[in-house]
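Just so we're aligned: 1677 in the numbering used here is position 220 of the sequence shown, and the numbers increase by one with no gaps anywhere.
Ideal Cβ placement from N, Cα and C applies to all residues, glycine included.
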Amino acid sequence: MNPIIQHKFTADPTVVSHNGTVYLYTGHDEAPIGSQEYVMKEWLCFSSTDLLNWREHPSPLKATDFSWAKGDAYASKVIHHERKFYWYAAVTHATIDGKAIGVAQADNPAGPFTDARGTALITSLNTINGGDNFDPTVLIDDDGRAYIFWGKQQCYYAELKKNMIELQSPVRTIQLPEFQEGAHIHKRNGWYYLSYGYGFPEKVAYMMSRSIHGPWEFKGILNEIAGNCETNRPAILDFKGGTYFFYHNGGLEKGDSHHRSVCIDVLHYNEDDTIQRVAMTSEGISG
1458 MNPIIQHKFT
1468 ADPTVVSHNG
1478 TVYLYTGHDE
1488 APIGSQEYVM
1498 KEWLCFSSTD
1508 LLNWREHPSP
1518 LKATDFSWAK
1528 GDAYASKVIH
1538 HERKFYWYAA
1548 VTHATIDGKA
1558 IGVAQADNPA
1568 GPFTDARGTA
1578 LITSLNTING
1588 GDNFDPTVLI
1598 DDDGRAYIFW
1608 GKQQCYYAEL
1618 KKNMIELQSP
1628 VRTIQLPEFQ
1638 EGAHIHKRNG
1648 WYYLSYGYGF
1658 PEKVAYMMSR
1668 SIHGPWEFKG
1678 ILNEIAGNCE
1688 TNRPAILDFK
1698 GGTYFFYHNG
1708 GLEKGDSHHR
1718 SVCIDVLHYN
1728 EDDTIQRVAM
1738 TSEGISG
């Protein structure tokens, strides 16, 4: 059923499939009930072999595990690459104005994760506005080259070095219609898909391209406004023959835009590789 985690508020999902198990990493909304501000100090980790029954693990990473950060465990992306797990996360920098993106690593998908650099990967020195450094997403392409996308109201991307913890290229910008935040990049059948929070309150829209460098073509709405919540952040996962769409809403009792909850519904592709609009359900994938 949706939301899939009922005992804590969870937001901004990112997922990894490893050895038949799905690892779900989320933000943790901790503000007092009724508060209209984001209080997010740590990320949470859950695992499942069927997407129905979830086991909670100890928190594998906190914002202040980056010694250069002063807090704010915002949206993130976890990937598995060459026997290591890399966690790209948006936090507030302690000494440089604005948000920053750090990267942590672990040998085990459940962590614990530790800062891979000792410094931020991306700060306001890399981008037009320090407030832009939100919501990283990473794709390892078929040729082994890796790319990171991120942004808030302005979308950025850059190539990563082979070590996955440094930028290989200059930072570039992409113009996306009504881009807010919450980017997610994935690839299928030679197509690149860039999904993101669209407008405000946020729907999820998506673009398609034959090249990681564009041009990108707008394909429309992927997910409508999620119930009782102004924001959204998609994650898309292929698992055991199906494709699944992870997102958050304000669906729990006392939930709202600052007390969010992760949900899963089925995602379907059309014959021309475009994506059908996701049908959000209270039953979830067990319905």
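If you drop the 5 nearest sequence neighbours on each side, which residues of the same chain put their C-beta closer than 8 angstroms to that of residue i?
i       : result
Tyr1726 : Arg1645, Thr1700, Ile1732, Gln1733
Ile1693 : His1641, His1643, Tyr1650, Ser1652, Thr1700, Tyr1701, Phe1702, Phe1703, Leu1724
Val1479 : Val1472, Val1473, Ser1504, Ser1505, Thr1506, Leu1508, Leu1694, Phe1696
Phe1466 : His1485, Asp1486, Glu1487, Leu1709, Gly1712, His1716, Arg1717, Ser1718
Pro1627 : Ala1615
Run the CB neighbour count on residue i, radius 10 Å, all protein chains shown included, and call it buried at 16 or more, exposed below.
i       : result
Phe1636 : buried
Ile1579 : buried
Asp1554 : exposed
Glu1728 : exposed
Phe1675 : exposed
Asn1476 : exposed
Arg1419 : Any question about residue 1419 goes unanswered here, given that the chain covers just 1458 to 1744.
Asn1510 : exposed
Gly1575 : exposed
Asp1522 : buried
Lys1556 : buried
Ile1585 : exposed
Phe1657 : exposed
His1550 : buried
Leaving aside the five residues before and after residue i along the sequence, list all residues of the same chain whose C-beta is less than 6 angstroms from its C-beta, in chain order.
i       : result
Glu1513 : Phe1503
Helix, strand or coil: which one does DSSP assign to residue i?
i       : result
Ala1526 : strand
Thr1521 : helix
Gly1707 : coil
Ser1743 : helix
Asp1564 : coil
Asp1589 : helix
Ala1551 : coil
Phe1570 : coil
Leu1633 : coil
His1537 : strand
Trp1648 : strand
Trp1673 : coil
Val1595 : strand
Trp1511 : coil
Thr1584 : coil
Gly1484 : strand
Which residue wins for smallest C-alpha separation from residue i, given the options the options?
i       : options                            : result
Tyr1604 : Leu1617, Phe1696, Asp1592          : Leu1617
Thr1571 : Thr1552, Leu1582, Tyr1545          : Tyr1545
Tyr1531 : Gln1610, Leu1694, Pro1593          : Pro1593
Gly1698 : Trp1511, Asp1507, Tyr1495, Gln1562 : Asp1507
Glu1623 : Ser1714, Asp1522, Tyr1543          : Tyr1543
Met1621 : Ala1567, Gln1562, Gly1575          : Gln1562
Asn1689 : His1464, Ile1462, Gly1484          : Gly1484
Lys1609 : Ser1626, Asp1469, Gly1568, Phe1591 : Phe1591
Ala1526 : Cys1612, Ala1577, Pro1566, Asp1486 : Ala1577
His1537 : Pro1658, Asp1564, Pro1515, Asn1459 : Asp1564
Gly1534 : Ser1492, Ala1551, Ile1597          : The displayed chain sequence assigns Lys, not Gly, to residue 1534. Measuring from the Cα of Lys1534, the nearest candidate turns out to be Ile1597.
His1705 : Leu1518, Pro1470, Gln1463          : Pro1470
Tyr1495 : Glu1687, Pro1691, Asp1730, Cys1720 : Glu1687
Lys1498 : Gly1491, Leu1518, Tyr1482          : Leu1518
Asn1583 : Ser1492, Gly1568, Cys1612          : Cys1612
Ala1547 : Met1664, Gly1647, Met1665, Trp1607 : Trp1607
Using a Cβ-Cβ cutoff of less than 7 angstroms, which residues in the same chain neighbour residue i once the five nearest sequence positions on both sides are dropped?
i       : result
Asp1722 : Phe1702, Val1735, Ala1736, Met1737, Thr1738, Gly1741, Ile1742
- Task: Tell me, please, whether the segment 1677 to 1688 touches the segment 1619 to 1636 by the rule of three or more beta-carbon pairs shorter than 8 angstroms.
- Result: With the cut-off at 8 angstroms, the segment 1677 to 1688 and the segment 1619 to 1636 do not touch.
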